[in-house]
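Heads up: the sequence shown runs through residues 39 to 174, numbered per the numbering used here.
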Amino acid sequence: MVDRFSSWRHLLRTVAYVLRYVTVISSRGGSFPRGPLTQSELAWAEREIFILAQRDKFHEEINRLQNADDVNHPWKPKIAKTSLIYKSCPELDEHGVLRACGRLDGCMWRRNKTPDNLTPRSSRNTIVTRTPPPTI
Numbered sequence: 039m040v041d042r043f044s045s046w047r048h049l050l051r052t053v054a055y056v057l058r059y060v061t062v063i064s065s066r067g068g069s070f071p072r073g074p075l076t077q078s079e080l081a082w083a084e085r086e087i088f089i090l091a092q093r094d095k096f097h098e099e100i101n102r103l104q105n106a107d108d109v110n111h112p113w114k115p116k117i118a119k120t121s122l123i124y125k126s127c128p129e130l131d132e133h134g135v136l137r138a139c140g141r142l143d144g145c146m147w148r149r150n151k152t153p154d155n156l157t158p159r160s161s162r163n164t165i166v167t168r169t170p171p172p173t174i
């Protein structure tokens, strides 16, 4: 799907419109919102793009993180040590996005910062998502 888009902006807006359409269809009878996309719709679309790219490359790691038994075995590593992202201390956030966390995340000066997204380097998604947004 991502190969059809030449820029991050086109991909993001297309996914946002598709998500808006799916939401209206699934609500059955709701009015279709008109006008420009809202900031929350664009943020939702961006999360979905990241989740899609991450599930494509890191599906095994995501499954292990979702099924991790932290209560009974907190000392066991959540993912395999042979994984490419093992040293990044990956964790899933509340939306299901795989993020790089570390030992400094609990520090006072680091609490308001969001950890970085983990995106695979070999996929087309990364090439599109790593392009900087256009400056105005």
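Idealized CB from N, CA, C, for every residue including glycine.
With 16 or more other CB atoms across the displayed protein chains lying within 10 angstroms of its CB, PRO128 is buried. VAL53 and LYS119 have their C-alpha atoms spaced approximately 34 angstroms apart. Between the alpha carbons of ILE117 and ARG102 lies a distance of about 6 angstroms. If you draw a 10 Å sphere on the C-beta of PHE88, you find 16 or more other C-beta atoms in it, and that means buried. For GLU79, the enclosing alpha helix (DSSP H) stretches over residues 77 to 95. Here the C-alpha atom of SER45 lies approximately 15 angstroms from the C-alpha atom of ALA83. In this structure, ILE123 is the residue among ARG42, ILE123 and LEU49 with its C-alpha nearest to the C-alpha of HIS97.
The C-beta distance from LEU75 to ARG51 rounds to 7 angstroms, short enough to fall under 8 angstroms.
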